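Quick note, the sequence shown lines up with residues 1 to 636 if you use the UniProt record's numbering. Below is one structure, written out as structure tokens; comments come after it.
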Amino acid sequence: MTSLYAQVYQDWQTDPLAFWAKAGVAIDWIKPWDTVFDPDSGPYGRWYAGAECNTCYNAVDRHVLAGRGDQDALIHDSAITGTVRKISYSDLQAEIEALASVLVDKGVGKGDRVIIYMAMVPEAVVAMLACARIGAVHSVVFGGFAANELATRIDDAKPVMIIATSCGLEPGRVVAYKPMLDKAIEQAQHKVATCLILVRPQQPHELVSGRDIDYAQAVAASVGRKVPCEPLKSTDPLYILYTSGTTGQPKGVVRDNGGHLVALAWSMGAIYDTYPGDVFWAASDIGWAVGHSYIAYAPLFVGATSILYEGKPVGTPDAGTFWRVIADHKVKVLFTAPTAFRAIKKEDPKGELIGRYDISSLKYLFLAGERADTDTIKWAEQKLGVPVIDHWWQTESGWPMAANPAGLGMLPVKYGSPTVPMPGYDVQVLDDAGHPVKRGELGNIVVKLPLPPAFLPTLWNADQRFREAYISEFPGYYKTADAGIMDEDGYIYIMSRTDDIINVAGHRLSTGAMEEVLSSHPDVAECAVIGIADSVKGQVPCGFIVLKSGVTRSEADIEQDCVALMREKIGPVAAFKMAITAKRLPKTRSGKILRGTMQKIADQEPWNMPATIDDPAILEEIQLVLNARGIGLVTG
Numbered sequence: 001m002t003s004l005y006a007q008v009y010q011d012w013q014t015d016p017l018a019f020w021a022k023a024g025v026a027i028d029w030i031k032p033w034d035t036v037f038d039p040d041s042g043p044y045g046r047w048y049a050g051a052e053c054n055t056c057y058n059a060v061d062r063h064v065l066a067g068r069g070d071q072d073a074l075i076h077d078s079a080i081t082g083t084v085r086k087i088s089y090s091d092l093q094a095e096i097e098a099l100a101s102v103l104v105d106k107g108v109g110k111g112d113r114v115i116i117y118m119a120m121v122p123e124a125v126v127a128m129l130a131c132a133r134i135g136a137v138h139s140v141v142f143g144g145f146a147a148n149e150l151a152t153r154i155d156d157a158k159p160v161m162i163i164a165t166s167c168g169l170e171p172g173r174v175v176a177y178k179p180m181l182d183k184a185i186e187q188a189q190h191k192v193a194t195c196l197i198l199v200r201p202q203q204p205h206e207l208v209s210g211r212d213i214d215y216a217q218a219v220a221a222s223v224g225r226k227v228p229c230e231p232l233k234s235t236d237p238l239y240i241l242y243t244s245g246t247t248g249q250p251k252g253v254v255r256d257n258g259g260h261l262v263a264l265a266w267s268m269g270a271i272y273d274t275y276p277g278d279v280f281w282a283a284s285d286i287g288w289a290v291g292h293s294y295i296a297y298a299p300l301f302v303g304a305t306s307i308l309y310e311g312k313p314v315g316t317p318d319a320g321t322f323w324r325v326i327a328d329h330k331v332k333v334l335f336t337a338p339t340a341f342r343a344i345k346k347e348d349p350k351g352e353l354i355g356r357y358d359i360s361s362l363k364y365l366f367l368a369g370e371r372a373d374t375d376t377i378k379w380a381e382q383k384l385g386v387p388v389i390d391h392w393w394q395t396e397s398g399w400p401m402a403a404n405p406a407g408l409g410m411l412p413v414k415y416g417s418p419t420v421p422m423p424g425y426d427v428q429v430l431d432d433a434g435h436p437v438k439r440g441e442l443g444n445i446v447v448k449l450p451l452p453p454a455f456l457p458t459l460w461n462a463d464q465r466f467r468e469a470y471i472s473e474f475p476g477y478y479k480t481a482d483a484g485i486m487d488e489d490g491y492i493y494i495m496s497r498t499d500d501i502i503n504v505a506g507h508r509l510s511t512g513a514m515e516e517v518l519s520s521h522p523d524v525a526e527c528a529v530i531g532i533a534d535s536v537k538g539q540v541p542c543g544f545i546v547l548k549s550g551v552t553r554s555e556a557d558i559e560q561d562c563v564a565l566m567r568e569k570i571g572p573v574a575a576f577k578m579a580i581t582a583k584r585l586p587k588t589r590s591g592k593i594l595r596g597t598m599q600k601i602a603d604q605e606p607w608n609m610p611a612t613i614d615d616p617a618i619l620e621e622i623q624l625v626l627n628a629r630g631i632g633l634v635t636g
């Protein structure tokens, strides 16, 4: 594989410290590092030890000082309210300093935690950057999270302040955040002294006297005040992002300042081919890792323009809303979840709405967050006429672990693969005993230590839990909890989470491979495969399919097709005899299908309503669909 990528990856392999030292030149440091990597700090080492920097300075101030203050930093496009607000780098700096002065006046300082519980509004990004400016550690909790989930995060992070919006906006409904915030504060053992509330006109709320402060009034009174960027150690925490833990106790993924700056800035050029002045749109939410890395931070690190979108891929108002945003703001790169494109494809199978807009500015579509099925990728390639790049990463990594690097010259596409590991990642495939498997064989995907810059250095106040969760099972490696294969060319195929490998009569089978087969059916918009307990075979697969709009054939016929297709593509070994049509699949707000919960329903196991679910009613629908087939008749 002769390519610029191969040369760059080899440069990293040959001398990792020199590679990351060179990448670090792109960042403005207050004090240079003593050593690029300190192997004796933290569970596996720390990057840029001894260096001092400030994330907000690198995201905003340096671009203003370089004379680019008039360029748009953020474009807030709310498809729900029909409003657009453009914020230049200079205006963003002024707004950040005004909010930072409010925080400082209220006693918030370096190392203090601030929880941000906000809708997709510009003030949410301002809040993140204002915390970064003064050295406070922010923890964004997805707006609308249930009170008990917010309360557990309050008790773990122990914030001195919470910044919230009064509500969030969904198609056709207003989600009141303030009552959930009040309830969470009441439930939490840690008591928060101050809340800064951005009151939106769609849901005004009474402020609690002595605790709540009106965000707009406080910031307006502080406009024009200057707050310098606090010098921070490279290894100081920038933020905590909670991800669901298997124990019910959320895991606080920590991101540091220096390594995060270097890796994300490097990724914008090398992976996303995005540079100063380009318009980059991550159609995610700031509550997720993608929203942190590629809405609030990375585009601003390199002086690009970041789109902050409030809306859905369909229903705000139709399946053409993405094309409207691209046309209106001259978007160069769109990064979204495969589930968004499956929703668009379901509503507009022929892509007719695309023709209404001039999307000639679009150069790349990146997909991540869940497996991108070949049918969806090919549909997007055909309709958009641009490279469609499936790439793979995790909340823990903070940036892509494997990708087809657009900025280094694209490699040949292999459908079903997020292509190749990025520099910093020595990806290997091991069996359950920790031995390497042959190329092309299914196994546990792991990353050899040390992990690269921006990867979580540890969990919040939980070094031992970090070791147990990620590095104890395969000593010397980070356990991704993904299963997959690596082919002869070094391409990675992520087949499923390790807990999505099902054992059918002794055969280890990937549900991801089965989903690939189902999604190739011309009438199937999206699908999910789970393993259901079976007294003879241990487990048998069950496939749920959602049909495209306008399909006229009977559900029974299409289900029979799917069973035949599975037999043809994977073989009788899969024991696939059950395809079930559903109107919708249960998902988290970030688009991940809740396969584990569906499996518990089918197996008549106790289950709890997931905190991240987008629409709880869908699980009830799934229960009824299963019950109609005589499956899972005991309710959860």
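Even for Gly, the Cβ is constructed at its ideal location relative to N, Cα and C. If you're wondering where the values come from, they're calculated on a predicted model, not measured in any experiment.
Quiz item: Going by the beta-carbon positions, is the gap between residue 637 and residue 548 smaller than 8 Å?
Solution: Nothing can be reported for residue 637: it is not among the residues displayed for the chain, which extend from 1 to 636.
Quiz item: Who are residue 328's beta bridge partners in DSSP?
Solution: As far as DSSP is concerned, residue 328 takes part in no beta bridge.
Quiz item: Looking only at its own chain, which residues have a Cβ that is under 8 Å from the Cβ of residue 669, when we skip the five neighbours before and after it?
Solution: The structure shown does not extend to residue 669, since the chain is modelled only from 1 through 636, so no value can be given for it.
Exercise. Can you tell me which of 485, 431, 222, 118 puts its alpha carbon nearest to the alpha carbon of residue 495?
Key: Closest by alpha carbon: 485.
Quiz prompt | Sequence-distant residues of the same chain with beta carbon closer than 7 Å to residue 9, five excluded per side | solution = Only 423 meet the Cβ criterion.
Practice problem: Let me know if residue 461 comes out buried or exposed under the rule of 16 or more other beta-carbons within 10 Å of its beta-carbon. | Solution: That one is exposed.
Quiz item: Which class does residue 542 belong to by DSSP, given the choice of helix, strand or coil?
Solution: Strand.
Quiz item: Taking Cβ to Cβ, would you say residue 250 is nearer than 8 Å to residue 156?
Solution: Yes, the pair counts as a contact, with Cβ atoms nearer than the cut-off.
Quiz item: Does the count of Cβ pairs from the region 327-344 and the region 137-151 closer than 8 Å reach three?
Solution: No: fewer than three Cβ pairs fall under 8 Å.
Quiz prompt | From 300, 57, 16, residue whose alpha carbon lies closest to that of residue 72 | solution = Nearest to residue 72 by C-alpha distance, out of 300, 57, 16, is 300.
Quiz prompt | alpha helix (DSSP H) segment containing residue 516, residue limits | solution = DSSP places residue 516 in the uninterrupted alpha helix (DSSP H) bounded by 511-519.
Exercise. With a 10 Å radius around its C-beta and 16 neighbouring C-beta atoms as the bar for buried, classify residue 568 as buried or exposed.
Key: By the neighbour-count rule (16 or more Cβ atoms within 10 Å), residue 568 is not buried but exposed.
Quiz item: Under a Cβ-count criterion, where at least 16 other Cβ atoms within 10 Å of its own Cβ denotes burial, should residue 418 be classed as buried or exposed?
Solution: Its Cβ being crowded by 16 or more others within 10 Å, residue 418 is buried.
Practice problem: Decide if residue 385 is buried, meaning its Cβ has at least 16 other Cβ atoms within 10 Å, or exposed. | Solution: By the 10 Å Cβ count, residue 385 comes out exposed.
Quiz prompt | Paired residues, beta bridge with residue 236 - DSSP | solution = Residue 236 is not bridged to any residue.
Quiz item: So who's on the other strand from residue 101, going by DSSP bridges?
Solution: Beta-bridge pairing links residue 101 to no other residue.
Quiz item: Shortest alpha-carbon distance to residue 120 belongs to which of 34, 90, 166, 103?
Solution: When each option's Cα is compared against that of residue 120, the closest is 166.
Quiz item: The beta strand (DSSP E) with residue 266 in it runs from where to where?
Solution: Premise fails: residue 266 lies in the alpha helix (DSSP H), 258-270, not in any beta strand (DSSP E).
Self-check item: Residue burial classification, residue 65 (beta-carbon count within 10 angstroms, cutoff 16)
Solution: In summary, residue 65 is exposed, with fewer than 16 beta-carbon neighbours lying within 10 Å of its beta-carbon over all protein chains present.
Self-check item: Close-in-space but distant-in-sequence residues of the same chain around residue 371 (CB under 6 Å, 5 per side omitted)
Solution: If we look at residue 371 and ignore the five residues flanking it on each side, its Cβ neighbours are 512.
Exercise. Decide yes or no for the touch test of the region 470-485 against the region 256-269: beta carbon pairs closer than 8 Å, at least 3 of them.
Key: They do not touch, by the three-pair rule.
Practice problem: Let me know if residue 14 comes out buried or exposed under the rule of 16 or more other beta-carbons within 10 Å of its beta-carbon. | Solution: It is exposed - the Cβ of residue 14 has fewer than 16 other Cβ atoms within 10 Å.
Quiz item: By Cβ distance, which residues of its chain are closer than 7 Å to residue 441, with the 5 residues on each side in sequence left out?
Solution: Excluding residues up to 5 positions away in sequence, 485 lie with their Cβ nearer than 7 Å to the Cβ of residue 441 in the same chain.
Practice problem: Would you identify the three-state DSSP class for residue 49, choosing helix, strand or coil? | Solution: The answer is strand: DSSP assigns residue 49 an E or B state.
Quiz item: Under three-state DSSP, which class holds residue 474?
Solution: Note: residue 474 maps to coil in three-state DSSP.
Exercise. Let me know if residue 83 comes out buried or exposed under the rule of 16 or more other beta-carbons within 10 Å of its beta-carbon.
Key: Here residue 83 is exposed, its C-beta having fewer than 16 other C-beta atoms within 10 Å.
Self-check item: Bounding residues of the alpha helix (DSSP H) (the contiguous stretch that carries residue 503)
Solution: From DSSP, residue 503 is part of no alpha helix (DSSP H) but of the beta strand (DSSP E) over 501-504.
Exercise. Using three-state DSSP, classify residue 445 as helix, strand or coil.
Key: Residue 445: strand per DSSP, three-state reduction.
Quiz item: Is residue 152 helix, strand or coil when you go by DSSP?
Solution: In the three-state scheme derived from DSSP, where H, G and I count as helix and E and B as strand, residue 152 is classed as helix.
Exercise. Flag this pair as yes or no: are the beta carbons of residue 622 and residue 582 separated by less than 8 Å?
Key: Cβ distance < 8 Å, so residue 622 and residue 582 count as in contact.
Quiz item: Would DSSP call residue 202 helix, strand or coil?
Solution: In the three-state reduction of the DSSP assignment, residue 202 falls in the coil class.
Quiz item: Which residue's Cα is closest to the Cα of residue 302: 324, 279, 381, 313?
Solution: Closest in alpha carbon position to residue 302, among 324, 279, 381, 313, is 279.
Quiz item: Between the Cα of residue 274 and the Cα atoms of 253, 111, 305, which residue gives the shortest distance?
Solution: Minimum Cα distance to residue 274 is reached at 305.
Quiz item: Between the region 117-134 and the region 84-98, are three or more C-beta pairs nearer than 8 Å?
Solution: By the Cβ criterion, the region 117-134 is in contact with the region 84-98, since at least three pairs of Cβ atoms, one from each stretch, lie closer than 8 Å.
Quiz item: Using CA coordinates, which residue listed in 259, 572, 575, 597 is at the minimum distance from residue 452?
Solution: With respect to the C-alpha of residue 452, the residue from 259, 572, 575, 597 having the closest C-alpha is 259.
Self-check item: Rounded straight-line distance, which links the Cα of residue 216 to that of residue 103
Solution: Cα to Cα, the separation comes out at about 13 Å.
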